[in-house]
Amino acid sequence: MTLWTFSKVGALSRSGWTRALETVCRDTPAASATWRIVTRLTVTRAPSSLTDRRLWSKFGSDSEAFKHFSAVFERSDLLTLDRPCPSVKPPCEKSSRVCIGPPTWLHALEIAVDGPATMLSARTGSLRQPGCGLMVDDRRVLSLDELHLDEEAPVAIQAASMGNRTRIWSCARNVGAERPDPSVEVHVDRGLAWPVLTETITLISRAADLVSTTLRLELGGDGAELSRIKGGYLRGELLPATLVTQGDGFALTWADARHTTTVAVDPVPASHALGTADAPSVVEIPLQLTLGTPVTVTVTVTAERRSGSHFDADAGSSEVDWSQVAVDSDDRRLTQLFATSLTDLRHLLLTDPEAPDEVFAAAGTPWYLTLFGRDSIWAARFLLPFDTTLARGTLRTLARRQGTVVDSNAAEEPGKILHEIRRGQFVDHGGGLDLTPTYYGTVDATPLWLILLHDAWRWGLADDDVRALLPNLHAAMEWIIGAADNDLGLLRYVDTTGHGLSNQGWKDSGDSMRFHDGRIASAPIALLEAQTYAVEAARGAAALVEAMGEGDASAWRAWADALAQRIRENYWVDRDGQRFLAMALDGDGRAIDGLGSNMGHALGSGALTPAEASSVVEMLSAPNLLGEFGISTLSRDNAAYNPIGYHTGSVWTHDTAIALLGMVKEGLSTQAAPIALGLVASAVPLDYRAPELFAGDAIGHKPAPYPASCRPQAWAAASAATIVTAVLGISADVPSGRLRLRPMRPSPFGTLRVDGLRWGATPFSVELDRHGVPTVTGLPDEVNVDIA
25 MTLWTFSKVG ALSRSGWTRA LETVCRDTPA ASATWRIVTR LTVTRAPSSL TDRRLWSKFG
85 SDSEAFKHFS AVFERSDLLT LDRPCPSVKP PCEKSSRVCI GPPTWLHALE IAVDGPATML
145 SARTGSLRQP GCGLMVDDRR VLSLDELHLD EEAPVAIQAA SMGNRTRIWS CARNVGAERP
205 DPSVEVHVDR GLAWPVLTET ITLISRAADL VSTTLRLELG GDGAELSRIK GGYLRGELLP
265 ATLVTQGDGF ALTWADARHT TTVAVDPVPA SHALGTADAP SVVEIPLQLT LGTPVTVTVT
325 VTAERRSGSH FDADAGSSEV DWSQVAVDSD DRRLTQLFAT SLTDLRHLLL TDPEAPDEVF
385 AAAGTPWYLT LFGRDSIWAA RFLLPFDTTL ARGTLRTLAR RQGTVVDSNA AEEPGKILHE
445 IRRGQFVDHG GGLDLTPTYY GTVDATPLWL ILLHDAWRWG LADDDVRALL PNLHAAMEWI
505 IGAADNDLGL LRYVDTTGHG LSNQGWKDSG DSMRFHDGRI ASAPIALLEA QTYAVEAARG
565 AAALVEAMGE GDASAWRAWA DALAQRIREN YWVDRDGQRF LAMALDGDGR AIDGLGSNMG
625 HALGSGALTP AEASSVVEML SAPNLLGEFG ISTLSRDNAA YNPIGYHTGS VWTHDTAIAL
685 LGMVKEGLST QAAPIALGLV ASAVPLDYRA PELFAGDAIG HKPAPYPASC RPQAWAAASA
745 ATIVTAVLGI SADVPSGRLR LRPMRPSPFG TLRVDGLRWG ATPFSVELDR HGVPTVTGLP
805 DEVNVDIA
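Structure (structure tokens):
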């Protein structure tokens, strides 16, 4: 086909751009549907950004054509037809080695994870859909794994995934007895135990006669980087395969820049063909199926590192023992959600390369399967009633990488806790991000680190572990106080590089800070929750320092009191007869009056009076924020509300869980109970796998997925523990020997038994009857249990 390039000589409207593209498509009969995609894309994008990676993808692999287009488009102002470029093939034709599509969606995929490895597939088991493959260390080592019986793929009936395992039940409709009911079952069980993927294919015939068939597998890997896959890179040129001897048989192997991948099949295939850049490797196994006798074929995929990266973290699932942790409830939804979430969270654990016996939770798979300061901290904090091991590993891993110098490119400053650490430079062309492998662009991870240290100590983290982190505590407090030493006396952020995060709280998308009329606020931004975290952190740090015999810390308490007063003076907004907390202050110190979920993070922080907390809960519980399944990030009456906007109307599981826990801490359990029920209900249609986020509006009493949401995701999975914590109303002060219970009454989930709670190293249990009356067993006799 012929591609036209363009030049501009004036302002070009979106409609003008669309007409020009339509002219191209009309004048080139061979143009594929790809060009119609370009037309749709450009209607919704500003012309100044049309030369990004997504537009390049429509030019196939001819970089010179794109470079010419990009250059002339950016030089001039009005788009006109110029001259034809050399002919190139549409990027997704079979003859093309590269295939690029729209940004990848995950909501319909089956996902298994174990540490730095994750397997994504269609519910059929195929890897041909966008985003699919076996990813290891943010590289796709397996991009094709296609099963056929007599040249036809089985038809999927059902699929299920949890933790490190995906199971698929299919039927082979083209083999077996000729009758309405399928007679040959195909069961695929994929299990990850990093660095090995084991795929067990079991065929069962229900036909009376012998069934003969040939099982065919197409296999290959393209070594694509995860950031490219996220942006829409479907598949690339396959890596050439070679044969290696393995026992009495052979294995296929190929290598990218980071890994050597080996694929072995048992039984040994009767025939094989080695893959090339254009064609996958193929193995074939003739099979004989008799009535009711399972026949099994096992595929083992092993990915071995052949070179190091900036952060080679291994799987940490074996480093924790949560076998005693369980929830049993009259409401089986809660029981299943908790079990699924705990399994998912365990397989998201990674070990610190500098201390392999210490674990932290990776933020989420597949996009954020690494250490993220904020995410990892919240996951560890949610799990504290059940385990301090995760908190210890998270605190120490982050402390080892605490900022020591001023580096504006990395947003690093002495005492600051990092935002994320990647295996290499992170570049997101579509989003304009270009981040150093260790990046510190976060305003809230530092106070959250201090809060986790304090809370872990209350739940039984050993004094020696706390003392070892006191230098980091002092450095973190110095950073917080120094960062707030400005004309407003508040923690603020602004990206000074032009290629970092423009928003540096948990709502880190560029359009998250909204006024009521939908306008985007200008930086520097002073987030509400960053201030309330800082209040809680300073008071907690003071308590720790004094408990460890490090002297008087009353100055930090005074600083926290003064900050709480500045919050009171600057963040409350009165509008249309309503009084609520602004989500932030903008660069001019004005309250950003878009009503959002941010205020939920202030609950339980100690920054609010009881009356203020009641006002916050009232606003969060109103219909314009609280939906059927959770609290929306942005109010439905905001001009910018979008139910599937990343931070402009969606519901984030952890965000709602934080508000839930805060309500209970403020003594407002009655208002919290419906939110706990909504969170549990949200997970049921999603196979009890709480997603990172979902749409703010439901459909048919079902939550609508956010298509690109990570699943599983650490703080979403850990939110199941928060629901249980909130229902029990449980808090601990191990140093003082006190356990406190303020359960919801009546219990929203009926009778409830929670095993595997931890008082330091001692496991104990709590039972609630349906009225909310608790019974505690397993605690040491000297513990004072306070029940109200």
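In terms of the numbering used here, the sequence shown opens at residue 25 and continues consecutively.
Glycine included, C-beta positions come from ideal geometry on N, C-alpha and C.
For aspartate 598, which three-state DSSP category applies?
-> Looking at aspartate 598 - three-state DSSP - the assignment turns out to be strand.
Hey, quick one: how far does the beta strand (DSSP E) through leucine 781 stretch, first residue to last?
-> In this chain, the beta strand (DSSP E) harbouring leucine 781 covers 776–783.
Alanine 281 versus serine 333 - alpha carbon distance | Approximately 11 Å, taken between the alpha carbons.
Inspect the CB distances between the segment 551–565 and the segment 630–637 and report whether three or more fall short of 8 Å.
-> Output reads yes: the segment 630–637 touches the segment 551–565.
Work out the CA separation of aspartate 290 and arginine 311 for me, nearest whole Å.
-> Looking at the sequence provided, one finds leucine at residue 311 rather than arginine. Annotation: leucine 311 to aspartate 290 spans about 12 Å, alpha carbon to alpha carbon.
Check whether arginine 794 and proline 770 have beta carbons under 7 Å apart | Result yes, Cβ atoms of arginine 794 and proline 770 sit closer than 7 Å.
Provide the residue span of the beta strand (DSSP E) that contains phenylalanine 718, from first to last.
-> Here the beta strand (DSSP E) through phenylalanine 718 covers 717–723.
Rounded to whole angstroms, what's the CA-CA distance from glutamine 864 to serine 194? Just pull it up for me.
-> In the structure as shown, the chain starts at 25 and stops at 812, and residue 864 therefore has no counterpart that could be examined.
Since alanine 714 and alanine 741 are thought to touch, with beta carbons under 8 Å apart, how far apart are those beta carbons, to the nearest angstrom?
-> Indeed, because the Cβ distance is near 6 Å, the residues count as touching under 8 Å.
Going straight from the alpha carbon of leucine 717 to that of proline 667, what length do you get?
-> Their Cα atoms are separated by approximately 11 Å.
Rounded to whole angstroms, what's the CA-CA distance from valine 439 to serine 639? Just pull it up for me.
-> It is worth fixing the name first, because residue 439 is glycine in this sequence and not valine. Rounded to whole angstroms, glycine 439 to serine 639 spans 35 Å at the Cα level.
Cα-Cα separation, isoleucine 754 to aspartate 355 = Using only the alpha carbons, I get a separation of about 20 Å.
Label arginine 538 either buried or exposed according to how many other C-beta atoms from any shown protein chain fall within 10 Å of its C-beta, with 16 as the threshold for buried.
-> It counts as buried.
Could you spell out where the beta strand (DSSP E) holding isoleucine 754 opens and where it closes?
-> 754–757 is the extent of the beta strand (DSSP E) around isoleucine 754.
Taking 8 Å as the threshold, find out whether the segment 218–231 comes into contact with the segment 300–308 through three or more Cβ pairs.
-> By the Cβ criterion, the segment 218–231 is not in contact with the segment 300–308, since fewer than three pairs of Cβ atoms, one from each stretch, lie closer than 8 Å.
Rounded to whole angstroms, what's the CA-CA distance from alanine 288 to arginine 163? Just pull it up for me.
-> Using only the alpha carbons, I get a separation of about 20 Å.
CB-CB length for threonine 237 against leucine 313, believed under 8 Å = Sure, about 7 Å apart at Cβ, within 8 Å.
DSSP state of isoleucine 616 mapped onto helix, strand, coil | Isoleucine 616: strand per DSSP, three-state reduction.
Buried or exposed (CB count within 10 angstroms, at least 16 for buried), asparagine 527 | Flag for asparagine 527 reads buried.
When the distance is taken between beta carbons, is alanine 606 closer than 7 Å to isoleucine 616?
-> Contact annotation: isoleucine 616 and alanine 606 have beta-carbon atoms nearer than 7 Å.
Who are the Cβ neighbours of alanine 423 in its own chain at under 7 Å, not counting the five residues just before and after it?
-> Correct list, in chain order: Leu493, Asn496.
Assign glutamate 593 to buried or exposed, taking buried as 16 or more other Cβ atoms, counted over all protein chains shown, within 10 Å of its Cβ.
-> When all chains shown are included, glutamate 593 counts as exposed.
C-alpha distance - alanine 499 paired with alanine 248, whole-angstrom precision = Rounded to whole angstroms, alanine 499 to alanine 248 spans 40 Å at the Cα level.
Three-state secondary structure (DSSP) at glycine 244?
-> Strand at glycine 244.
Expected contact under 8 Å - CB spacing of aspartate 174 and valine 199 to nearest Å = About 6 Å separates the beta carbon of aspartate 174 from that of valine 199, a gap short enough to meet the 8 Å contact definition.
Going along the chain, which unbroken runs of the beta strand (DSSP E) with 3 or more residues stay wholly within the segment 410–469?
-> Runs of the beta strand (DSSP E) inside the segment 410–469: 450–452, 457–459.
Residues of its chain near methionine 572, where Cβ-Cβ distance is below 8 Å and the 5 sequence neighbours each way are ignored = Cβ contact annotation for methionine 572 (same chain, cutoff 8 Å, sequence separation greater than five): Asp487, Val490, Arg491, Leu494, in chain order.
Phenylalanine 773 - DSSP class collapsed to helix/strand/coil = Collapsing the DSSP output to three states places phenylalanine 773 in coil.
Is the segment 542–558 touching the segment 607–614, taking contact as three or more C-beta pairs under 8 Å?
-> By the Cβ rule, the segment 542–558 counts as touching the segment 607–614, because three or more pairs are nearer than 8 Å.
Arginine 163: first and last residue of the uninterrupted alpha helix (DSSP H) it sits in = From DSSP, arginine 163 is part of no alpha helix (DSSP H) but of the beta strand (DSSP E) over 163–166.
Do the segment 476–485 and the segment 447–456 make contact, defined as three or more Cβ pairs closer than 8 Å?
-> Output reads no: the segment 447–456 does not touch the segment 476–485.
Look up phenylalanine 406 in the DSSP assignment and say whether it is helix, strand or coil.
-> DSSP, read as helix, strand or coil, puts phenylalanine 406 in helix.
Can you grab the Cα-Cα spacing for the pair valine 797 / proline 767, in whole Å?
-> Using only the alpha carbons, I get a separation of about 7 Å.
Given that a residue counts as buried once 16 or more other Cβ atoms are within 10 Å of its Cβ, and exposed if not, what is threonine 460?
-> Looking at its Cβ environment, which holds 16 or more other Cβ atoms inside 10 Å, threonine 460 is buried.
Could you check which residue in Glu261, Val292, Arg259 has the C-alpha nearest to that of valine 268?
-> For the options Glu261, Val292, Arg259, the alpha carbon positioned closest to that of valine 268 is the one of Val292.
Buried or exposed: which applies to asparagine 662, given that a residue is buried once 16 or more other Cβ atoms fall within 10 Å of its Cβ?
-> It counts as buried.
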